[in-house]
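Only one structure is covered here, and it is reproduced in the block below.
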Amino acid sequence: MDKSLEEILQEAAEKFSAAGDSHALYEAKMAYLGKTGKVGALYKKLRELPESERPAFGAQINELRRAIEERVAVIEEMLHERELSDRLQSEQVDVTMPGRRRQQGTLHPVTRVKNMLIDVFAGMGFEVFEGPEIETDYYNFTALNTPADHPARDMQDTFYLANGLLLRTQTSAGQIRLMEQKKPPIKMLSPGRVFRSDDDATHSPMFHQMEGLVVDKNITLCDLQGMLDEFARVIFGKGSKTRLRPSYFPFTEPSVEVDVSCHACGGKGCSLCKGTGWIEVLGAGMVNRRVLENCGIDPDEYSGFAFGMGIERIAMLKYGINNIKLLTENDVRFLGQFKD
Ligand code: PHE
Numbered sequence: 003m004d005k006s007l008e009e010i011l012q013e014a015a016e017k018f019s020a021a022g023d024s025h026a027l028y029e030a031k032m033a034y035l036g037k038t039g040k041v042g043a044l045y046k047k048l049r050e051l052p053e054s055e056r057p058a059f060g061a062q063i064n065e066l067r068r069a070i071e072e073r074v075a076v077i078e079e080m081l082h083e084r085e086l087s088d089r090l091q092s093e094q095v096d097v098t099m100p101g102r103r104r105q106q107g108t109l110h111p112v113t114r115v116k117n118m119l120i121d122v123f124a125g126m127g128f129e130v131f132e133g134p135e136i137e138t139d140y141y142n143f144t145a146l147n148t149p150a151d152h153p154a155r156d157m158q159d160t161f162y163l164a165n166g167l168l169l170r171t172q173t174s175a176g177q178i179r180l181m182e183q184k185k186p187p188i189k190m191l192s193p194g195r196v197f198r199s200d201d202d203a204t205h206s207p208m209f210h211q212m213e214g215l216v217v218d219k220n221i222t223l224c225d226l227q228g229m230l231d232e233f234a235r236v237i238f239g240k241g242s243k244t245r246l247r248p249s250y251f252p253f254t255e256p257s258v259e260v261d262v263s264c265h266a267c268g269g270k271g272c273s274l275c276k277g278t279g280w281i282e283v284l285g286a287g288m289v290n291r292r293v294l295e296n297c298g299i300d301p302d303e304y305s306g307f308a309f310g311m312g313i314e315r316i317a318m319l320k321y322g323i324n325n326i327k328l329l330t331e332n333d334v335r336f337l338g339q340f341k342d
């Protein structure tokens with residue numbers, strides 16, 4: 003090979019050896035073999051030579067190009083191997099290391115009980131209907147047979163808003179909204195937040211209720227008790243029974259207070275049931291004729307029952323929680339105890 007070509011080869015070989023990685027090697031390679039590289043320049047020069055000198059010089063450039071290609075290939079392979087082993091080294095996983103544990107969330111006890119209640123009643127054909135939390139006086143009271151001067155209004159301390167609106171004190175307001183839209187047969191379940199100006203260990207200004215409403219032909223209190231027995235068994239255990247006691251609500255007639263046999267002592271009497279063997283869990287009754295009339299349903303043709311329970315109260319009884327505030331403090335040490 004011509005001396006000046008030897009020098010180019012020499013210089014190229016040095017540059018290739020100096021390349022630290024395949025990218026640098028590629029750049030170096032292009033400086034010789036690329037379109038504007040040094041070898042390319044030689045081919046240009048070839049065209050300027052007299053015809054007689056061209057074959058010899060052409061053969062020399064070809065030889066140079068092959069020689070450069072060979073060197074590049076050797077270094078390329080070496081770099082590839084090194085890079086691969088570097089990568090394998092750095093991406094090594096120690097399968098014997100202990101895993102990182104992720105904290106798993108749990109459902110809030112109120113949500114759990116709400117879901118259980120929906121499951122029980124959905125299984126009996128109830129559909130879920132949710133009314134608004136901000137209500138008018140009409141839906142929360144008047145249509146529920148509780149006109150302005152009715153003494154039963156004092157049973158619930160209401161938060162009033164501007165423009166005659168209020169925060170609903172009971173999910174019973176949803177009964178009216180549903181019966182205005184839908185005619186019997188009705189089987190409605192209505193969960194939601196309610197608000198009362200009330201605050202102690204078992205009362206909170208915001209809590210959740212689950213309302214139930216059934217309206218059809220020939221509905222009786224026996225239907226109510228049959229369904230509530232099933233509810234008691236699912237929530238408080240197989241042996242649970244219910245008992246109805248007379249009570250008063252303006253929107254039901256007759257009205258009852260429903261007790262469930264104490265799940266802590268099985269009815270023998272303990273501190274939870276205050277020695278009585280029974281625990282009061284909800285209010286209920288046959289829908290008052292006036293309420294049906296207010297919604298355009300003929301009370302001579304249809305009858306119905308309704309019930310309403312506090313979800314916090316059910317959760318507290320079921321899980322033995324003694325202060326309702328625990329349910330809104332969001333202490334994960336408390337909440338984490340409610341797992342399946
Ligand atoms: N709304 C009543 C309350 O808040 C409960 C209830 C609902 C009673 C339906 C009878 C029928 O106390």
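Counting in this note's numbering, the sequence shown tops out at residue 342, every number present. C-beta atoms are modelled at their ideal positions from N, C-alpha and C, and glycine is treated no differently.
#### Entry: For V262, three-class secondary structure by DSSP
Correct three-state label for V262: strand.
### Three-way DSSP call (helix, strand, coil) for A317 in this model
Of the three classes helix, strand and coil, the one that applies to A317 here is helix, per DSSP.
### Query
Within 9 Å (strictly less), CB to CB, does R84 reach chain C?
The chain labelled as chain C is not found in the depicted structure, where only one protein chain is given.
### Query
Between T113, L337, G107 and L328, which lies nearest to I313 when the distance is taken from Cα to Cα?
The shortest C-alpha separation from I313 is found at T113.
### Task
Kindly indicate which three-state DSSP category Q158 falls into: helix, strand or coil?
Three-state DSSP puts Q158 in coil, outside helix and strand.
### Task
Give me the Cα-Cα distance between Y359 and L337, rounded to the nearest whole angstrom.
Nothing can be reported for residue 359, as the shown portion of the chain is limited to 3 through 342.
### Task
Quick one: which unbroken alpha helix (DSSP H) runs of 4-plus residues sit fully inside the region 253–313? Chain order, please.
Within the region 253–313, the complete alpha helix (DSSP H) segments at least 4 residues long are 291–296, listed from N- to C-terminus.
### Within 9 Å, strictly: CB atoms of Y250 and A154
Remark: C-beta atoms of Y250 and A154 approach each other more closely than 9 Å.
### Message
For M212 and G176, what's the separation of their Cα atoms in angstroms?
### Response
Cα to Cα, M212 sits roughly 11 Å from G176.
### Query
Just to check, is the beta-carbon of A286 closer than 8 Å to a non-hydrogen atom of the ligand PHE?
Answer for A286: yes, Cβ within range of the ligand PHE.
### Query
Among residues of its own chain, excluding the 5 on either side of M208, which ones have a beta-carbon nearer than 7 Å to its beta-carbon?
R195 and F197.
### Task
Check whether the Cβ of A308 lies closer than 8 Å to any heavy atom of the ligand PHE, and answer yes or no.
Under cutoff, so the answer is yes.
### Message
Just verifying my parser: in three-state terms, what is the DSSP assignment at Q94?
### Response
Looking at Q94 - three-state DSSP - the assignment turns out to be coil, as it is neither helix nor strand.
#### Entry: As assigned by DSSP and simplified to three states, the class of G194
Correct three-state label for G194: strand.
### Query
Three or more beta-carbon pairs under 8 Å between the region 291–298 and the region 316–324, yes or no?
Cβ pair count under 8 Å is below three, so no.
### Message
Let me check one thing: in DSSP terms, what residues is K189 bridge-paired to?
### Response
DSSP output for K189 lists V216 as bridge partner(s).
### Query
Going by beta carbon distance, what residues of the same chain come within less than 6 Å of R104, once the five residues before and after it are set aside?
Answer for R104: no residue qualifies.
### Query
Should Q227 be counted as a contact of the ligand PHE given a C-beta to heavy atom distance under 8 Å?
Shortest gap from the CB of Q227 to any heavy atom of the ligand PHE: 8 Å or more.
### Collapsed DSSP secondary structure at S174 in the structure displayed
Coil at S174, not helix or strand.
### Message
Just list the residues that DSSP pairs L246 with in beta bridges.
### Response
For L246, the beta-bridge partners assigned by DSSP are V260.
#### Entry: Between the CA atoms of S242 and L230 - distance to the nearest angstrom
The alpha-carbon atoms of L230 and S242 are separated by roughly 10 Å.
### Task
Taking only the alpha-carbon atoms, compute the straight-line gap between Q232 and H210 and give it to the nearest angstrom.
As written in the sequence, residue 232 is Glu, which differs from the Gln given in the question. If you take the alpha carbons of E232 and H210, they lie about 21 Å apart.
### Query
Is it a yes or a no for the region 249–267 touching the region 183–194, going by three-plus beta-carbon pairs under 8 Å?
With the rule of 3 Cβ pairs closer than 8 Å, the region 249–267 does not count as touching the region 183–194.
### Task
With DSSP as the reference, label E9 as helix, strand or coil.
Helix at E9.
### Task
Within its chain, find whatever has a CB closer than 8 Å to the CB of D121; leave out the 5 residues flanking it on each side and keep chain order.
Residues V236 of the same chain have their beta carbon placed closer than 8 Å to that of D121, with the five preceding and five following residues left out of the count.
### Message
Tell me which residue opens and which closes the beta strand (DSSP E) that L167 is part of.
### Response
Counting along the chain, the beta strand (DSSP E) containing L167 begins and ends at L167 to L169.
### Query
Buried or exposed: S263, going by 16 or more other Cβ atoms within 10 Å of its Cβ?
Under a 10 Å Cβ-count criterion, S263 is classified as buried, with 16 or more other Cβ atoms of the shown protein chains found around its own Cβ.
### Query
Given Y34, which residues of its chain have a CB within under 7 Å of its CB, disregarding the five upstream and five downstream residues?
Here the set comprises A14, K40, V41 and I70.
### Task
Please confirm whether E65 and L27 have their CB atoms less than 9 Å apart.
Taking a C-beta distance under 9 Å as the contact criterion, E65 and L27 do not qualify as a contact pair.
### Task
Indicate, with yes or no, if the ligand PHE has a heavy atom lying under 8 Å from the CB of S199.
No, Cβ of S199 sits at least 8 Å from all heavy atoms of the ligand PHE.
### Message
Closest to L328 by C-alpha separation, out of S206, K219 and L274, would be which residue?
### Response
For L328, the nearest C-alpha among the options comes from S206.
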